[in-house]
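Below is one structure; the comments refer to it alone.
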Amino acid sequence: MRRVTVRKSSVHGRGVFALQAIPAGQRVFEYRGEVTSWRRASARYRRSGVHGHTFIFGLADGRVIDGSVGGNSARWLNHSCQPNCEAIEDGRGRVFIETIKHLKPGDELFIAYGLTIDEEKSPEIVADYVCRCGATKCTGSLLA
């Protein structure tokens with residue numbers, strides 16, 4: 004039986020939602036996609052002309068998982084400053100999404116993106132990473 008589904012989110016675009024209760028500490032699914040370099044994934048996004056959606060998940064070894072190629076529903080996870088899930092990377096470079104809070108049917112699953120950028124945080128860059136999670140302790144940014 005499926006535990007989650009993807010549908011329109013009030014936070015941003017699409018989101019992942021619980022179809023049934025999921026206790027804290029449960030592995031929900033793996034973040035899947037092509038494992039590649041940042042350079043290749045970034046070039047792919049620049050060529051695509053798509054802005055506002057990236058499905059790139061950074062790994063500890065400097066590579067990334069690009070969920071736009073062979074990805075699954077985990078790529079639709081939205082950010083929250085008060086997440087109910089976390090991403091756990093194992094020693095082989097696989098990323099699993101696990102609950103850190105009990106989820107009820109209909110709850111949207113969230114992770115904290117903790118994005119980092121190499122560029123100076125200009126007003127334009129900051130505007131590109133505005134958070135709309137609506138959490139009571141929202142930091143206002145998707146950046147770490």
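Heads up, the working numbering is the position in the sequence shown plus 3, with the first residue counted as 1.
Here a beta-carbon is modelled for each residue, glycine too, at the ideal position from N, C-alpha and C.
Exercise. Use the C-beta contact count for G18: other C-beta atoms within 10 angstroms, 16 or more gives buried, fewer gives exposed.
Key: buried
Quiz item: Going along the chain, which residues of its own chain have a beta-carbon closer than 7 Å to the beta-carbon of A44, five neighbours each way excluded?
Solution: I59, V67 and D69
Exercise. Entirely within the segment 83 to 107 and at least 3 residues each: give me those beta strand (DSSP E) ranges in chain order.
Key: 88 to 92 and 98 to 102
Quiz item: How long is the line joining the alpha carbons of E89 and Q29, rounded to whole angstroms?
Solution: 10 Å
Practice problem: Take L22 and list the residues in its own chain whose beta-carbon comes closer than 7 Å to its own, dropping the five residues that flank it on each side. | Solution: R5, R6, V7, T8 and P108
Quiz item: Grouping DSSP H, G and I as helix and E and B as strand, with all else coil, what is V38?
Solution: strand
Quiz prompt | Proximity to W41 [Cα-Cα], best of I120, L80 and A147 | solution = I120
Quiz item: For the alpha helix (DSSP H) that contains I128, what are its first and last residues?
Solution: P126 to D131
Quiz prompt | For A77, the three-state DSSP class (helix, strand or coil) | solution = helix
Exercise. Please say whether V31 and E111 have beta carbons closer to each other than 8 Å?
Key: no
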